[in-house]
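Notes follow once the structure below has been shown.
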């Protein structure tokens, strides 16, 4: 029996033909409301839940185009035995490059330079205001695909970061790892803290007032994980009281970041609009995950690439 | 006989004591006008030439605190057999980190983000506007200490640059090198061009109108070499006509860059005020060169570290 796949991303002709050759009936996103008998969803949108829960459909698998899956109706998915595969890894290399860029933006004093440039000010900083990546104590929360890619790039700068994960298990590229419960000693003299954790019940508002209060002038805080991991009010407080000196934020509690958010105007904050994983080659990678999973799905009903544990949430 | 060293950088007590222990009489910069019998100059200033050419002195060695020495009165130096050692290498690691930062600033679309942030605009770029370092064709002019440090960091991103030097000799970390005469084929489809050459008669205005006209939309042009290597009028023309799409400039034909320069207002140019080599550890490295050279100078009158060929100019 032919399986029907509803795709939210627009596929080009080559991609559509490739799916047809795998025996798949491709339904474009524009037909989401009228289509029936959908077996597979590729991607997601505000109509995703309606397609998933439509009794005329019988969705058994969702291939997301994101690494995080916290926006999916996970309770419903668990109750109905829907399988989920995510796009973990598709963005990791690009996110890691963005992260190195965020660090150098502040360490090499570009943040002052762009402001001075706007006013035509040739304002030479003191030598002591600039530092190198090689000499920072860096702590990365999350040692999965993103964290490992960041560590790998840091290693090329002669920098060996510390990692924080659930169990404290060791990971390649890190000079040491601790569990989330045991991070206090590690971060109290950290120069750089990077969040690359998924959003799960454990990580929501992990970076809160109590967390930031234990920091002693962290030079740069980076969030390329999930916006909900950070209590933004607490972060703004930490920036004012210099527990954190600078921050680069790609994700936010509410996206788009509301125009009235005070974060926009913090002179020591760099805001990018959830773009850190973007790359001209993204679509190719995402379609590759779908194709690979389809192959095993058609063969024996199993999914092999980036299978999500829907109970854990990642 | 005790040698007298005039130092333009202010030394701390530990450094002064260390020089005295090596049998050196240290003369601070403030005494430049009245001091006599100076043998060695450390650093330089607008009074450097007066000290050097004062007949009451007999300077035989200048240890600079810069990599380039083009600002020294080289004709006089050649005529009077003064030896010159430079600070080549002291800044290379920091300049290389700055250079990676410049590239990521544009590749990861921070340049648009900082402008949008000022207006509170959540403006998500197209995925196709962002790219990764790993996928760029990068050409580095100058394969000395700075160029090699840049190449080494790029290698950590899975990027293997091409090099351009005088003879075209091969250098570690580069996937290939050509001579300056043979660069046309290499640059016509380059994504990134980086200048890390010293200022010599050969390199002055090397990057001129003819040079830029052969480029086909180079994504990023970086100058961390010398300002005089670039004809700024020609660069501005290339930016307008999109032979070059973005530029990061740390050095300029005239420094400070005049307030009335049009470069300040180019939206696709990042200007930093000759700071790319700055690092909190600079002074320690510079003093190390002086100390090491003093040791051999006192032993057998020879200089061993960073000896400049004053005929070549570097």
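Chains as they are written, first to last, in my numbering: chain P, 195 to 508; chain Z, 195 to 508. Positions of the beta carbon are idealized from the N, C-alpha and C atoms, including for glycine.
Residue i burial status per 10 Å Cβ neighbour count (16 or more: buried)
i	result
residue 293 of chain P	buried
residue 298 of chain P	buried
residue 427 of chain P	exposed
residue 279 of chain Z	buried
residue 227 of chain Z	exposed
residue 420 of chain Z	buried
residue 207 of chain Z	exposed
residue 302 of chain Z	buried
residue 422 of chain Z	buried
residue 490 of chain P	exposed
residue 373 of chain P	exposed
residue 450 of chain Z	exposed
residue 364 of chain Z	exposed
Cβ of residue i within 8 Å of any chain Z Cβ
i	result
residue 420 of chain P	no
residue 299 of chain P	yes
residue 286 of chain P	no
residue 225 of chain P	no
residue 414 of chain P	no
residue 198 of chain P	no
residue 294 of chain P	yes
residue 321 of chain P	yes
residue 478 of chain P	no
residue 244 of chain P	no
residue 326 of chain P	yes
residue 314 of chain P	yes
residue 311 of chain P	yes
residue 236 of chain P	no
residue 340 of chain P	no
residue 344 of chain P	no
residue 202 of chain P	no
residue 464 of chain P	yes
residue 304 of chain P	yes
residue 347 of chain P	yes
CB contact check: residue i to chain P, cutoff 8 Å
i	result
residue 468 of chain Z	yes
residue 472 of chain Z	yes
residue 291 of chain Z	yes
residue 438 of chain Z	no
residue 317 of chain Z	yes
residue 308 of chain Z	yes
Sequence-distant residues of its chain with Cβ nearer than 7 Å to residue i (five each side left out)
i	result
residue 499 of chain P	279, 483, 486, 487
residue 375 of chain P	none
Close Cβ partners of residue i (< 8 Å) along its chain, the five nearest in sequence each way excluded
i	result
residue 266 of chain P	238, 242, 256, 258, 278
residue 221 of chain P	198, 199, 200, 201, 229, 232
residue 331 of chain Z	356, 383, 384, 385, 386
residue 410 of chain P	382, 383, 437
Close beta carbons around residue i, own chain, < 6 Å, minus the five adjacent residues each side
i	result
residue 310 of chain P	317
residue 403 of chain Z	428
residue 542 of chain Z	Past the edges of chain Z, shown from 195 to 508, lies residue 542 of chain Z, and the structure says nothing about it.
residue 362 of chain Z	371, 372, 373
residue 406 of chain P	428, 432, 437
residue 417 of chain Z	389, 424, 443, 445
Write down every uninterrupted run of the beta strand (DSSP E) in the stretch 223-297 of chain Z whose length is 3 residues or greater and which is fully enclosed by it, in chain order. 234-236, 255-257, 277-279
At a Cβ cut of 8 Å, what residues of the stretch 351-374 of chain Z count as close to chain P, listed as they run along the chain? 351
Any beta strand (DSSP E) of 3 or more consecutive residues that is wholly inside the stretch 202-226 of chain Z: 218-222
In the stretch 444-462 of chain Z, which residues sit with their C-beta less than 7 Å from some C-beta in chain P, listed in chain order? 450, 451, 453, 458
Go through the stretch 360-386 of chain Z residue by residue and report every complete run of the beta strand (DSSP E) that reaches 3 residues or more, in order. 370-373
Quick check on the DSSP output: what are the complete alpha helix (DSSP H) runs of length 4 or more inside the stretch 290-336 of chain Z, in order along the chain? 304-312
Complete runs of the beta strand (DSSP E) confined to the stretch 399-481 of chain P [at least 3 residues]: 414-417, 441-443, 463-465
Listed from N- to C-terminal order along the chain, which residues in the stretch 379-407 of chain P have their beta-carbon within a distance smaller than 8 Å of any beta-carbon of chain Z? none
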